[in-house]
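Colleague:
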Amino acid sequence: MKITLKRTSPNYRQKLSTINIMQNLMIAVIVLAAYSVGFNFIKYGSDYGIQALLIYVVAGVVAFVTDWVCGKLFKRNDAGDNKYLNAILSPLATGLIFALTLPIGTPLYVVGVGSFIAIFFGKAIFGGFGQNIFNPALVGRVFVHLSFSSQLLSYLPGAADTMTGATPTAALKATHWLGASSLGLADLFLGNYQAALGEACTVLILILGVFLIWRKVIDARIPLVYLGTTLILAFISGLVCGIDPITNALTHIAIGGVAFGAVFMATDPVTSPTSPLGKIIYGIFLGAITMIIRLKANYPEGVLFSILIMNMLTPLIDNLTTGRTNQKTLKQLIVIAVCFFISAGTVGGISTTLKPVVEKPVKVPDPIPDYLFLEYKDGAYIMQVKGFGGDGAPVKLAVTISGDKSLGVTPEKYKGETAGWGADLLTSGVGEGLNANAKAFYDKVIAGSISADELDGIDTATGATYTAKAVVNAIKGALEAAPKVEGDLYTFNLTANGYGGKKTPMKLEIVINKATSMFESVKVIEANGETSDFGADMIRGVHGEGLNSKAQDFYNLVLNSQVAFADVDGIDTATGATMTATGIVDAMKTAMTIVNDVLAPNADGAYVISANGYAGASNPMKIEVKVSGDTVEYVKVLEANGETSDFGADMIRGVHGEGLNSKAQDFYDLVLNGSFSVSEVDGIDTATGATKTASGIMEAVKKAIAASN
């Protein structure tokens, strides 16, 4: 289908005048580009300055090469002056103007893709220079916006002294254009912020606009009407919204791409109307659409889309206005007035719908203690500690304690710790942000054993110091929760969640006689979270108004006498202070479980220990370990139903299974078929191909050593 326009593009009036126009345009574009490069060098450093320069180089080279290939492909006539105009000035101007629409953080491959799209789809397929219906640079810019929006950054990732944050346009959009910019008008007009390269300095853009008008490169009507309409509509919007209209109007002109679009893009003679009246109508609706998109659309800036929309309407405007601009001045004024009042009414109406952004209150997490004992589970003390995630994302660690030693720390929950740092410290001791000390910390503190005396001197400067300190605090808390043993008496200092919950737990002292399986005493040392007339009164043996008769029974049985292990499950906590009573009983059950888990040697002087292997807690191994002084005499695996053939089951039998490596035989020979000294334990390699099985066996060995001591 052939499209015939009723006008001839002004680019074909005189070849020499068109070349002069393009040369003067290139001068202005190069001045603005050079300023942006210098601005980035001076204000943000060499990384930014070099990146700005590379953006221009890539955009210009890709535009030039693409245009040259298209010229050959479509057999363009580049004879004489056409070659300089078509093959050099035109593609370079398009490439540089496209580059000026990009922010500093745009990846260079995105620059190249956008420059290619601008030339090929924005110009070449329409017949080349002077035939395009859309501004080519805008075609490329909209493409990269839609395809690579997440990569169009206003800062340079990885650069020294990187400045991140929203652009003034995006920041004001977030307030529905009802807030105030953090920068003053002077900074906004001088471009003292990061945005698109072409927005480097509004004052300079306006000066260059005057230069282009003086040189008759552009018609003054379009930029003046576009900027004037935007200024007036922003003033009206400010009045309607109850904010300073003058500041609002000047802010809308100073930020974003309005000035750049009005001077360098909307004035493209190929894609803008030719008649004086048409240019005025064109400028009015450019300003109106820009403001409508800014105020109501999701996208904070409306310049790009407003110019493209009006490019589409240019033939219609020309058809309605060409040949009618030298007569009936009154009618022309009426048309202009109608267009303006439609625009003003639309923007004013939209402004009435703008509502201030009501910030949702940020919920600050309740502060938590440095460490908190949560429960005793599967032979380990489950501790909650503050790591890198702070109060909002605490770390949950399982600490195995025997005597005054930690036998290992298992991370259970650590989403607040970052990959490469704290998260890797907890799981391997090796990560991109960790130093050499991290591995030593992991081997000794997390995967190995450490005594209470050694803990204070441990070096937590691992590259993930917060996480390392959290591990140390977890061990300290577990050691505090572990009982102090004197003969058959086990004294616990535990926390219990009552009415105050985890935020204000109770502190209890519980004394157990292991020989008689009796609770010698249960004392509530601290109960700040319990309320008078309820839990606080029950703890003191006072009959508060909220308590029932069972409260006194609870006090007499639990808090004022001895309790047999066998009677604990039958204690009635429905006292009127149920949460308080339940918390106390839960703490008693925890202490009872810990005491029952304390190892005692059998008739042969060996310890029979349950240990998690490949099947975990659902089907643990049963291991017998005998320790004499500083020597582990033997280790026998009595039950291993959860271990698999070719792996753990074969290693236990001394058979070389398919999944095992050479270390499996070494492990069998040393641990399961020989004796070894206590000092060798931490150095035994469990990376056998059946690591879970070997680690479980060594965990049992450590428990037996600690029990024997």
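Just add 34 to wherever you are in the sequence shown, counting from 1, and you've got our numbering.
Virtual Cβ for every residue (Gly too), placed ideally from N, Cα, C.
Since the structure is predicted, the reported quantities are computational estimates derived from the model, not experimental observations.
Can you find the residues in the same chain that come closer than 7 angstroms, C-beta to C-beta, to Tyr589, ignoring five residues on each side of it along the sequence?
Modeller: Excluding positions up to five away in sequence, the list reads Met572, Gly575.
Colleague: Apart from the five residues on each side of it in sequence, which residues of its chain come closer than 6 angstroms, Cβ to Cβ, to Met613?
Modeller: Closer than 6 angstroms at Cβ, skipping near neighbours: Gly532, Tyr533.
Colleague: May I have the straight-line CA-CA distance separating Ala67 from Gln228, to the nearest angstrom?
Modeller: About 15 angstroms.
Colleague: Give every residue of the same chain whose Cβ lies closer than 8 angstroms to the Cβ of Thr196, excluding the five residues on either side of it in the sequence, and list them in chain order.
Modeller: With a pLDDT of only 47 at Thr196, under 50, the local geometry of the prediction cannot be trusted, and the value read off the model is given with reservation. The residues are Tyr189, Leu190.
Colleague: Within 10 angstroms of the Cβ of Arg687, are there 16 or more other Cβ atoms? Answer buried if so, exposed if not.
Modeller: Flag for Arg687 reads exposed.
Colleague: Per DSSP, which residues does Tyr410 bridge with? Please list them.
Modeller: Paired residue(s): Tyr415.
Colleague: Among Asp425, Gly424, Leu219, Ile435, which has the Cα closest to the Cα of Ile416?
Modeller: Selected option, being the one with the closest Cα: Ile435.
Colleague: Based on Cα-Cα distance, which residue from Trp211, Pro202, Leu338 lies nearest to Gly218?
Modeller: Gly218 has its Cα closest to that of Pro202, out of Trp211, Pro202, Leu338.
Colleague: For the pair the segment 446-463 and the segment 500-511, tell me if three or more CB-CB distances fall below 8 angstroms.
Modeller: These segments touch.
Colleague: Return the first residue and the last residue of the beta strand (DSSP E) that Pro445 is part of.
Modeller: Where Pro445 is concerned, the enclosing beta strand (DSSP E) stretches over 439-447.
Colleague: Give the secondary structure of Leu88 by DSSP, where H, G and I count as helix, E and B as strand, and everything else as coil.
Modeller: It is helical.
Colleague: In whole angstroms, what separates the C-alpha of Glu733 from that of Gly569?
Modeller: In a straight line, the C-alpha of Glu733 is about 41 angstroms away from that of Gly569.
Colleague: With DSSP as the reference, label Asn675 as helix, strand or coil.
Modeller: In this structure, Asn675 counts as coil in the three-state DSSP scheme.
Colleague: Could you tell me how far apart the beta carbons of Gly482 and Tyr405 are, in whole angstroms, since I believe they sit closer than 8 angstroms?
Modeller: Actually they are not in contact, since the Cβ atoms of Gly482 and Tyr405 sit about 20 angstroms apart, beyond 8 angstroms.
Colleague: Identify whether Thr263 lies in helix, strand or coil by the three-state DSSP scheme.
Modeller: Helix.
Colleague: Only counting runs of 3 or more residues, tell me where the beta strand (DSSP E) segments fall wholly within the segment 189-264, in order along the chain.
Modeller: If we require 3 residues or more, the segment 189-264 turns out to have no beta strand (DSSP E) run fully inside it.
Colleague: On a CA-only basis, which of Phe422, Lys736, Val545, Gly465 is nearest Leu633? Give me that one, please.
Modeller: The candidate whose alpha carbon is nearest that of Leu633 is Lys736.
Colleague: Let me check one thing: in DSSP terms, what residues is Lys430 bridge-paired to?
Modeller: Lys430 pairs with Gln418, Lys447.
Colleague: Just to confirm, is the Cβ distance from Pro137 to Phe98 under 8 angstroms?
Modeller: For Pro137 and Phe98, no; Cβs fall outside 8 angstroms.
Colleague: Helix, strand or coil for Ile370? Go by DSSP, reduced to three states.
Modeller: Reduced to three states, the DSSP call for Ile370 is helix.
Colleague: If you drop the 5 nearest sequence neighbours on each side, which residues of the same chain put their C-beta closer than 7 angstroms to that of Ala645?
Modeller: Contacts found: Pro654, Met655, Ile657, Gly730, Ile731, Glu733, Ala734.
Colleague: Could you check if Val519 is buried or exposed, using at least 16 other CB atoms within 10 Å of its CB as the buried criterion?
Modeller: It is exposed - the Cβ of Val519 has fewer than 16 other Cβ atoms within 10 Å.
Colleague: Which residue from Gly442, Phe163, Leu246, Ser652 puts its Cα closest to that of Ser485?
Modeller: Looking at the Cα atoms, Gly442 is the closest of the given residues.
Colleague: Counting Cβ pairs, one atom from each stretch, are 3 or more of them under 8 angstroms apart for the segment 143-152 and the segment 90-109?
Modeller: These segments touch.
Colleague: Does the count of Cβ pairs from the segment 278-292 and the segment 320-340 closer than 8 angstroms reach three?
Modeller: Enough Cβ pairs lie closer than 8 angstroms, so yes.
Colleague: I want to know whether the segment 597-616 touches the segment 714-731 - three or more CB-CB distances under 8 angstroms.
Modeller: No, because fewer than three Cβ pairs between the segment 597-616 and the segment 714-731 fall closer than 8 angstroms, the two stretches do not touch.
Colleague: Measuring CB to CB, does Ile758 end up less than 8 angstroms from Val63?
Modeller: Missing from the structure shown is residue 758; the chain here goes from 35 to 743 and no further.
Colleague: Can you find the residues in the same chain that come closer than 8 angstroms, C-beta to C-beta, to Thr29, ignoring five residues on each side of it along the sequence?
Modeller: Nothing can be reported for residue 29: it is not among the residues displayed for the chain, which extend from 35 to 743.
Colleague: Indicate whether the contact test is met: 3 or more Cβ pairs, each with one atom in the segment 411-430 and one in the segment 347-356, closer than 8 angstroms.
Modeller: No, the segment 411-430 does not touch the segment 347-356.
Colleague: Using the Cα positions of Leu706 and Thr496, report the straight-line distance between them to the nearest angstrom.
Modeller: Taking the straight line joining both Cα atoms gives about 35 angstroms.
Colleague: I'd like to confirm the pairing. Which residues does DSSP put opposite Leu523 in its beta bridges?
Modeller: Its beta-bridge partners are Glu520, Asn547.
Colleague: Is Phe375 buried or exposed, if buried means 16 or more other CB atoms sit within 10 Å of its CB?
Modeller: By the neighbour-count rule (16 or more Cβ atoms within 10 Å), Phe375 is not buried but exposed.
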